[in-house]
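Novice:
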Amino acid sequence: MKLNFRKTEEYFFRLVMLACTVVIVAALLVIIFSILKRGLPSLSWEMISQKPKGGFYFGKEGGILNAIMGSLYLAIGATVIAMFVGVPVALYMNVHILKRKYMVNTMRFLLDLLCGIPSIVYGAFAFTIMVMIGLRTSLLAGMLTVAVFIIPIIIRAMDEVLRTIPRGLMEASLSVGATKGEVAYKIFIRQSFPGLVTALLLSFGRAIGDAAAVLFTAGFTDNIPSSLTQPAATLPLSIFFQLGSPMEEVKNRAYAAAIILTLIVLLLSVASRYFSRRYKKHSIKF
Amino acid sequence: MKERPIGPKIFSLNRYLKDRVGETWMIIAFVMVLLLPFIVGAGLYLKSRILLQEHSIWTLLVSGNWNPQKGEFGLAPFIVSSLWVTALAVLIAVPVSLLSAIHLTQYARKWFLNAMHPVIDILAGLPSVIYGVWGVLVVVPFVKRLAEWFDISVSGYSILAGAIVLAIMIIPFILNILIEVFRTIPEELTEASLSLGATHWQTIKRVLLRKAVTGIISAVVLGVSRAFGETIAVLMVVGNVVHIPKGAFQPGYPLPALIANNYGEMLSIPRYEAALMLSALVLFSVVLLFNFASRIAIVQFEKRV
Chain A
311 MKLNFRKTEE YFFRLVMLAC TVVIVAALLV IIFSILKRGL PSLSWEMISQ KPKGGFYFGK
371 EGGILNAIMG SLYLAIGATV IAMFVGVPVA LYMNVHILKR KYMVNTMRFL LDLLCGIPSI
431 VYGAFAFTIM VMIGLRTSLL AGMLTVAVFI IPIIIRAMDE VLRTIPRGLM EASLSVGATK
491 GEVAYKIFIR QSFPGLVTAL LLSFGRAIGD AAAVLFTAGF TDNIPSSLTQ PAATLPLSIF
551 FQLGSPMEEV KNRAYAAAII LTLIVLLLSV ASRYFSRRYK KHSIKF
Chain B
307 MKERPIGPKI FSLNRYLKDR VGETWMIIAF VMVLLLPFIV GAGLYLKSRI LLQEHSIWTL
367 LVSGNWNPQK GEFGLAPFIV SSLWVTALAV LIAVPVSLLS AIHLTQYARK WFLNAMHPVI
427 DILAGLPSVI YGVWGVLVVV PFVKRLAEWF DISVSGYSIL AGAIVLAIMI IPFILNILIE
487 VFRTIPEELT EASLSLGATH WQTIKRVLLR KAVTGIISAV VLGVSRAFGE TIAVLMVVGN
547 VVHIPKGAFQ PGYPLPALIA NNYGEMLSIP RYEAALMLSA LVLFSVVLLF NFASRIAIVQ
607 FEKRV
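Written out as structure tokens, the structure reads:
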């Protein structure tokens, strides 16, 4: 009798667990399918090759090239800035102050906190600073804001990879006369290269997809920004604004723009898998 | 034999300079990142100070009167909405990801787990605006129909819609941590339990879950802090009506949506701006609080196990 109950329980939970996994996979498929279904009919070459023309927001011709280019500029700039700040910090934590456990742990805690701060808070905070120093909404302001919000993500991702590098590698390098700086910038960075690429692509994806941080800082425009001080349109905001329109054509365009954004993100995901596999060959095995 | 010039080769000035510059930049960057949370916190506090001087923080947080024209800035409707949406989302997301993580690590074949990784990555990588679009297309009509089933007539733009969208958004993050947690539990524990005659599910219930508590806590905290601050996706489906919501089918107006909808235009009114900054400060403090709480909880549990 007892055994029977246990067996039923086992089967029951197995079924529930399987159902949960299926739900997760199904959710992804439904998201992609529903957006494709609504967006594909309005997706055209015109949409991705032209800037909005007069009356674009009333369903007339034009495209969202401004948003695509704006998003790319913004995300690339932010990722580069974040890389130059974030990677040295991750290296510093894992090479220079490796033995000061207290400092490293405090930093990891603060990084967790920073990763948890919503991007809207960064956006609102950056906006007050912009007002204070008299900076207008611009590509530069957007880049800096997004950079600040992806720096913790890059550091955390790099830190995870750097932590797995055996101590022996550092000790060997130090014993043949390398300085700690050289260990960090020459040895550790090479050993963690696949991780670096993944971290950069991950944060690039976050940068291109985030709407809340650029809402007040990058502004919105129908032109492609030609300098850092001009405002820049971004894809997520473009989707958001078009979806708010009461007109059916404009709404459909928002779905088509959503397809473009999804494709960019999917491409990034595939690329990060490919690169991390490809560069793994070059690191030293232990 | 000619003597090799060891000195300058090994330690040239160039190398020394490079090393100094590289290390100085490291320290500068490290200190900048270290100070960032304090600067953000202090900045938000300074900006919301005008309001805090006039009213006590407690009245601002629990008062339900949101009337910017009359100078009443009760944040309660927004805080309650945020709590509703977050709590519901976590209630949906945690059991699903927990069961799925157990299934993937304990029962599923290796290839299936490997096939799940891209799925999780893509779900985690999809921008929030995409989730918002999906929410408007699928979840809102679904909630509307669900409500009709209960004989309630609503638009579908509701707390529940926001919670469902959020749940799907945070599942990949929670699932990712949980898979890692279950994977690192030593296999001997499972084997010992099974050899004593326990069924697989009993082993999971009595052994694995107990061992995984700390991991589960940190996964939940991550989910909560992500859900609490999510802006665009929630904003698009939650309805944005200023009132204290009393049920899952009612519309709400969470804190991030309040900031996103009103910032920028409201700069001309200093008190309004202060109120929005105060809500940003509330978001910040909640994330801070949760991080501390999870740290303490993890330390406590690690002592016990």
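Taken in order, these protein sequences are the chains called A and B.
Residue numbering for the first sequence follows this note's numbering, starting at 311 and increasing by one per position.
Residue numbering for the second sequence follows this note's numbering, starting at 307 and increasing by one per position.
Backbone N, C-alpha and C define an ideal beta-carbon position, used for all residues, glycine too.
As the structure is a computational prediction, the values presented were derived from the model and not from experiment.
1) Please list, in chain order, all residues of the same chain as A509/A whose beta carbon is under 6 Å from its beta carbon, the five residues on each side excluded.
2) Below 7 Å on C-beta distance, what does D422/A contact in chain B?
3) Between which two residues does the alpha helix (DSSP H) containing F514/A stretch?
4) How would you list, in chain order, the residues of chain B whose beta-carbon sits under 8 Å from the beta-carbon of I430/A?
5) Helix, strand or coil, according to DSSP, for F448/B in the structure here?
6) Return the chain-ordered ranges of every beta strand (DSSP E) run that is complete within the region 439-474 of chain A and spans a minimum of 3 residues.
7) Within 8 Å (strictly less), CB to CB, does R601/B reach chain A?
8) Rounded C-beta distance between Y559/B and S387/B? I'm assuming under 8 Å.
9) Identify the residues that DSSP records as bridge partners of F615/B: which are they?
10) Does the region 348-358 of chain A come close enough to the region 564-578 of chain A that 3 or more CB-CB pairs lie under 8 Å?
11) Whole angstroms are fine: how far does the CA of I458/B sit from the CA of A467/B?
12) Using the rule of at least 16 other Cβ atoms within 10 Å of the residue's Cβ for burial, across every protein chain shown, is S381/A buried or exposed?
13) Report the rounded CA-to-CA distance for I386/A versus S434/B, giving the unit in angstroms.
14) What separation, rounded to the nearest whole angstrom, lies between the Cα atoms of I356/B and S362/B?
15) By the criterion of Cβ-Cβ separation under 9 Å, what are the contact partners of Y413/B in chain A?
16) Is there a Cβ from chain B that is less than 8 Å from the Cβ of P398/A?
17) When you compare the CB positions of I483/B and G521/B, do they come within less than 8 Å of one another, or not?
18) Mind listing the chain B neighbours of L577/A? Cutoff is C-beta to C-beta under 8 Å, in chain order.
19) At a CB distance below 9 Å, what residues from the region 328-343 of chain B approach chain A? Give them in sequence order.
20) Among the candidates E319/A, V326/A, V333/A, F343/A, whose CA atom is the shortest distance from the CA of I569/A?
21) With a Cβ-Cβ cutoff of 8 Å, do I398/B and I470/B count as a contact?
22) Give a yes or no on whether the C-beta atoms belonging to V444/B and V340/A are separated by under 8 Å.
23) Taking all protein chains shown into account, do 16 or more other C-beta atoms lie within 10 angstroms of the C-beta of L449/A, making it buried, or fewer, making it exposed?
24) So, at 8 Å on beta carbons, what are the nonlocal neighbours of S359/A in its own chain, with the 5 sequence-adjacent residues on each side left out?
25) Output, in chain order, the set of chain B residues within a Cβ distance shorter than 7 Å of S344/A.
26) Starting from the C-beta of S537/A, find all residues in its chain whose C-beta is less than 8 Å away, skip the five residues before and the five after it, and write them out in chain order.
27) Say yes only if the C-beta of L452/B is nearer than 7 Å to one or more non-hydrogen atoms of the ligand PLP, and no if none qualify.
28) Determine the extent of the alpha helix (DSSP H) in which I334/B is found, giving its start and end residues.
29) List the DSSP bridge partners of G545/B.
30) Quick one: list the residues of chain B neighbouring E470/A, beta-carbon separation under 9 Å, in chain order.
31) Per the contact definition of three or more C-beta pairs closer than 8 Å, is the region 494-507 of chain A in contact with the region 426-444 of chain A?
32) For the alpha helix (DSSP H) that contains V527/B, what are its first and last residues?
33) Enumerate in chain order the residues of its own chain whose CB-to-CB distance from R516/A is below 7 Å, with the five nearest sequence positions on each side excluded.
34) Using a Cβ cut-off of 8 Å (strictly closer), state whether I428/B contacts chain A.
35) Using a Cβ cut-off of 9 Å, which residues of the region 504-515 of chain B contact any Cβ in chain D, in chain order?
36) Helix, strand or coil: which one does DSSP assign to P546/A?
Specialist: Result, derived from the coordinates:
1) Position 199 of the first sequence, counted from the first residue, corresponds to residue 509/A. Cβ within range, chain order: I464, A467, M468.
2) Looking up residue 422/A in the first sequence gives position 112. Those within 7 Å of D422/A in chain B are N597.
3) Reading the first sequence from its first residue, position 204 is the one you call residue 514/A. Residues 503-519.
4) For the purposes of this step, residue 430/A is taken as residue 120 along the first sequence, with counting starting at 1. Neighbours of I430/A on chain B, chain order: G535, T537, P562, I565, A566, A586, L589.
5) In the second sequence, the residue the question calls residue 448/B occupies position 142. Here F448/B sits in helix by DSSP.
6) Taken in chain order, the whole beta strand (DSSP E) runs of length 3 or more contained in the region 439-474 of chain A number zero.
7) Walking along the second sequence from the start, residue 601/B turns up at place 295. Chain A has a Cβ within less than 8 Å of the Cβ of R601/B.
8) Here residue 559/B is taken as the residue at index 253 of the second sequence, counted from 1. Here residue 387/B is taken as the residue at index 81 of the second sequence, counted from 1. At roughly 5 Å, the Cβ-Cβ gap stays under 8 Å, so Y559/B and S387/B are in contact.
9) Limits of chain B in this structure are 307 at one end and 611 at the other, which puts residue 615/B out of reach.
10) Touching, yes.
11) The residue given as residue 467/B occupies position 161 in the second sequence. The residue given as residue 458/B occupies position 152 in the second sequence. Taking the straight line from one Cα to the other gives about 15 Å.
12) The residue given as residue 381/A occupies position 71 in the first sequence. The residue is buried, with at least 16 neighbouring Cβ atoms inside 10 Å.
13) Position 76 of the first sequence, counting from 1, holds the residue named residue 386/A. Position 128 of the second sequence, counting from 1, holds the residue named residue 434/B. In a straight line, the C-alpha of I386/A is about 19 Å away from that of S434/B.
14) Position 50 of the second sequence, counting from 1, holds the residue named residue 356/B. Position 56 of the second sequence, counting from 1, holds the residue named residue 362/B. Using only the alpha carbons, I get a separation of about 11 Å.
15) Mapped onto the second sequence, residue 413/B falls at position 107. Using a Cβ-Cβ cut-off of 9 Å, Y413/B is close to R324, M327, L328 of chain A, given in chain order.
16) Counting from 1 along the first sequence, the entry for residue 398/A is found at position 88. Closer than 8 Å to some Cβ of chain B, the Cβ of P398/A qualifies, so yes.
17) Reading the second sequence from its first residue, position 177 is the one you call residue 483/B. Reading the second sequence from its first residue, position 215 is the one you call residue 521/B. Contact annotation: I483/B and G521/B have beta-carbon atoms nearer than 8 Å.
18) Position 267 of the first sequence, counted from the first residue, corresponds to residue 577/A. Close to L577/A, with beta-carbon spacing below 8 Å, lies no residue of chain B; the smallest spacing is near 10 Å.
19) Correct list: G328, E329, W331, M332, I333, I334, A335, F336, M338, V339, L340, L342, P343.
20) Taking the first residue of the first sequence as 1, we reach residue 569/A at position 259. Residue F343/A is the option with its Cα nearest to I569/A.
21) To locate residue 398/B, count along the second sequence from 1; it is residue 92. To locate residue 470/B, count along the second sequence from 1; it is residue 164. Result yes, Cβ atoms of I398/B and I470/B sit closer than 8 Å.
22) Your numbering for residue 444/B matches position 138 in the second sequence. Your numbering for residue 340/A matches position 30 in the first sequence. In contact: V444/B and V340/A (Cβ atoms closer than 8 Å).
23) As a working note, residue 449/A is residue 139 in the first sequence. Classification for L449/A: buried.
24) Position 49 of the first sequence holds residue 359/A. Correct list, in chain order: G373, L375.
25) Taking the first residue of the first sequence as 1, we reach residue 344/A at position 34. What S344/A touches in chain B: W440, L443, V444.
26) Along the first sequence, one-based indexing puts residue 537/A at 227. So the qualifying residues of the chain are L449.
27) Among the ligands in the structure shown, none appear at all, so the ligand PLP cannot be discussed.
28) Here residue 334/B refers to the residue found at position 28 when the second sequence is read from its first residue. Its alpha helix (DSSP H) spans residues 319-353.
29) Numbered from its first residue, the second sequence carries residue 545/B at position 239. Paired residues: G558/B.
30) Counting from 1 along the first sequence, the entry for residue 470/A is found at position 160. Within chain B, no residue has its CB atom less than 9 Å from the CB of E470/A, the nearest being about 10 Å off.
31) Inter-segment contact for the region 426-444 of chain A and the region 494-507 of chain A is absent: fewer than three beta-carbon pairs are separated by less than 8 Å.
32) Taking the second sequence and counting its residues from 1, the one referred to as residue 527/B is at position 221. Per DSSP, V527/B belongs to the alpha helix (DSSP H) from 519-535.
33) Residue mapping note: residue 516/A aligns to position 206 of the first sequence, counting from 1. For R516/A, the CB contacts under 7 Å within the same chain, skipping 5 residues up- and downstream, are I460, I463 in chain order.
34) If you number the second sequence from 1, residue 428/B lands on position 122. Yes, because at least one Cβ of chain A sits closer than 8 Å to the Cβ of I428/B.
35) Among the protein chains of the structure shown, namely A and B, there is no chain D.
36) Mapped onto the first sequence, residue 546/A falls at position 236. Under the three-state reduction of DSSP, P546/A is assigned to helix.
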